[in-house]
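In our numbering, the protein residues as written are 1113 to 1385.
Laid out in structure tokens, this is it:
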């Protein structure tokens, strides 16, 4: 029991901060409800785009509408969950410009862990609920052989896909120490990567297959697992068996993210306030 005390003491500041953020969001009920509704509309609009595309072309990149539902559900579930936990790293440029990041350096906890646990946005669960609903429909409408391997692949995909997008959020945050006002550029890799993950990678030219398949490996979050669950072979460069390497892709995203974060924090000289 004595060994557990230090661990509890170490996590208490983070739990306290998150609890206060959750209470604050629920305090203003009308504002909270409007934010939930807005997030829900965003999720529905993204799904509507996929629905319209596949009702127009019927088959895209070897996938029909049912397969597209599975693809969208997997990719958006992973992204939405990572956005709930890590999406507030987008506020880092504001903290740097206003000099507020210096306050975090005065505390005896790791900077990245402080920022990750500094907030949690409940409204983003609305978008996650849309993704989970579409994922459930996609799993029901597709003819999947529910073996132990298929169940393991599904669980591995959701966990590793969430971790992969989280690593991309960390990488984007690391770049902000150099760009400051370059959120639009980094969003092209985080939010743009999320959009690319909802599309069949087989439709991409070779350059984009290499980019979204290996450099920014969002194809591992949904496209490759969709092929694996449906028993499809996959295009050149992206065979379906790569779906089992999603944890490796997530590890690469985190190694990239932590390297950029470490480089960025070493470059940072303070807000000058």
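Just so it is clear, CB atoms sit at the ideal spot from N, CA and C, and this is done for glycine as well.
Using DSSP bridges, identify the partner residues of residue 1172.
-> 1175
Would you kindly work out how many angstroms separate the C-alpha atoms of residue 1313 and residue 1351, rounded to a whole number?
-> 11 Å
Flag this pair as yes or no: are the beta carbons of residue 1243 and residue 1372 separated by less than 8 Å?
-> The answer is no: Cβ separation not under 8 Å.
According to the neighbour-count rule (16 or more other Cβ atoms, all chains shown, within 10 Å of its Cβ), is residue 1167 buried or exposed?
-> exposed
Along the chain, where does the alpha helix (DSSP H) that runs through residue 1272 open and close?
-> Residue 1272 -> alpha helix (DSSP H) spans 1260–1291.
Do residue 1380 and residue 1289 have their C-beta atoms within less than 8 Å of each other?
-> Yes, the Cβ-Cβ distance between residue 1380 and residue 1289 is below 8 Å.
Can you check whether the CB of residue 1319 is closer than 8 Å to the CB of residue 1265?
-> no
State buried or exposed for residue 1376, treating a residue as buried only when at least 16 other CB atoms are found within 10 Å of its CB.
-> In summary, residue 1376 is buried, with 16 or more beta-carbon neighbours lying within 10 Å of its beta-carbon over all protein chains present.
List in chain order: all unbroken alpha helix (DSSP H) runs of 4+ residues lying wholly within the segment 1309–1375.
-> 1318–1322 and 1335–1342
Going by CA-CA distance only, name the one from 1367, 1345, 1304 and 1295 that's closest to residue 1207.
-> 1295
Assign residue 1158 to buried or exposed, taking buried as 16 or more other Cβ atoms, counted over all protein chains shown, within 10 Å of its Cβ.
-> buried
What number of angstroms, rounded off, separates the C-alpha of residue 1181 from the C-alpha of residue 1161?
-> 12 Å
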